[in-house]
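Under the UniProt record's numbering, the first residue of the sequence shown carries the number 1, and numbering increases by one thereafter.
Even for Gly, the Cβ is constructed at its ideal location relative to N, Cα and C.
Please read the structure below before turning to the comments.
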Amino acid sequence: KLPWTRIHRADAYARLATILLPHDYLNFVLTGQRFCELGDASGTGWLDVRTRTWSQELLRATDPDRDLAACLPPIAAPDALFDIAPKAAAALGLAAAVKVAVGGGDNMMAAIGTGCVTEGRLAMSLGTSGTLFA
């Protein structure tokens, strides 16, 4: 989508300051902080899965003239917890002490929820996507 925007909506692309996936945006609204989790990061095509960092090579392939890494949020540790923003807590009727977890994608969390975290377990999810957890 970003390469399309670069070509067909150059005005919008020039104003681009931050790249957030929907999950990242919700966390931003809740915490006021930009961060991404590994599962969603892997879906961008820009993650180097070996180093678990944004791949400069892949980002340059997307746009050789711009530092897209500066627009991407840091990748948070899977067990990171963030403070809820006071405004979000008030709007949602939550205590100021509530913590926000990094979270994860639906299928990744479903694998955990169905117990597919040890060898020998298998679950299938058929919906918008078809996923086999093993």
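As assigned by DSSP and simplified to three states, the class of residue i
| i | result |
| --- | --- |
| residue 136 | There is simply no residue 136 to check, as the chain begins at 1 and stops at 134 in what is shown. |
| G130 | strand |
| A88 | helix |
Boundaries of the alpha helix (DSSP H) in which residue i is found, first to last residue
| i | result |
| --- | --- |
| L94 | Careful: L94 lies outside any alpha helix (DSSP H) and carries neither H nor E. |
| A110 | D106 to G113 |
| T5 | L2 to H8 |
Extent of the continuous beta strand (DSSP E) to which residue i belongs
| i | result |
| --- | --- |
| V102 | No beta strand (DSSP E) contains V102, which DSSP labels as neither H nor E. |
Any non-hydrogen atom of the ligand SAH within 8 Å of residue i CB
| i | result |
| --- | --- |
| L81 | Absence of the ligand SAH from the depicted structure is noted, as is the absence of any ligand whatsoever, leaving it without description. |
Under 9 Å between C-beta atoms of residue i and residue j
| i | j | result |
| --- | --- | --- |
| V102 | A89 | no |
| G115 | M124 | no |
| A85 | T31 | yes |
| W46 | L20 | no |
| A134 | L126 | no |
| P3 | D79 | no |
| G43 | G105 | yes |
| N27 | V117 | no |
| I75 | A96 | no |
| C71 | L16 | yes |
Review point. In chain order, which alpha helix (DSSP H) runs of at least 4 residues are fully inside the region 10 to 83?
Key: Listed in chain order, the complete alpha helix (DSSP H) runs (minimum 4 residues) inside the region 10 to 83 are 10 to 14, 22 to 31, 38 to 42 and 56 to 62.
Practice item. Pair every Cβ in the region 58 to 66 with every Cβ in the region 17 to 37, then say whether three or more of these pairs are closer than 8 Å. Key: The way I'd put it, the region 58 to 66 doesn't touch the region 17 to 37; fewer than three beta-carbon pairs between them come closer than 8 Å.
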